[in-house]
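K.L.:
Got a structure here, written out as structure tokens. Questions coming.
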Amino acid sequence: MKHFYFVILLFICTLGFSQDNARSSADIEGFKLYPNPVTQGKVYIETALNAPKKILVFDVLGTQVLETTILGKELNLSNLDKGVYILRVFEKNKVATRKLIVK
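The working numbering puts the first residue of the sequence shown at 8, with every later residue one more than the last.
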């Protein structure tokens, strides 16, 4: 019976630590990305802080195809070919990663 309680205690501790790690690496608060898929060559990125954001865009092979910093909400993607990309947004000490489709 002691072994059972010990296993339950370990499970609860593990669950608690995993939730703490998830909160510390959480997305940027209030993060919104639209429109997705991109059809007009522009995408809008909104956050709760609306601070300057460093933007990295990668293709599906992991090659960085764009690096820029935006001060507002609008990001121009008209120079990207049609396809699927990974968008990483850095604001203050937070990071958000999303799939981005350009049509």
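Don't be surprised by glycine CBs; every beta carbon is placed ideally from N, CA and C.
Please list, in chain order, all residues of the same chain as T75 whose beta carbon is under 7 angstroms from its beta carbon, the five residues on each side excluded.
P.N.:
Excluding sequence neighbours, T75 sits near I62.
K.L.:
CA-CA distance, N43 and N100?
P.N.:
Using only the alpha carbons, I get a separation of about 25 angstroms.
K.L.:
With contact counted as at least three CB pairs below 8 angstroms, one residue from each stretch, are the stretch 63-74 and the stretch 38-53 in contact?
P.N.:
Result no; under three Cβ-Cβ pairs closer than 8 angstroms.
K.L.:
In terms of DSSP beta bridges, what is D88 paired with?
P.N.:
Its beta-bridge partners do not exist; DSSP assigns none.
K.L.:
Mapping the DSSP letters down to three states, classify A58 as helix, strand or coil.
P.N.:
Residue state, collapsed to three classes: coil.
K.L.:
Output needed for Q71: all residues of its chain with C-beta closer than 8 angstroms, excluding positions within five of it in sequence on either side, in chain order.
P.N.:
Contacts found: L63, V64, F65.
K.L.:
For L40, which residues of its own chain have a beta-carbon under 6 angstroms away from its beta-carbon, when the five flanking residues on both sides are left out?
P.N.:
Closer than 6 angstroms at Cβ, skipping near neighbours: I52, R105.
K.L.:
Return the chain-ordered list of same chain residues with a C-beta closer than 7 angstroms to the C-beta of E98, the five sequence neighbours on each side being excluded.
P.N.:
Hits under 7 angstroms: I35, T54, L56, A58, K60.
K.L.:
Within 10 angstroms of its Cβ, does L78 collect 16 or more other Cβ (buried), or is it exposed?
P.N.:
Under this definition L78 is an exposed residue.
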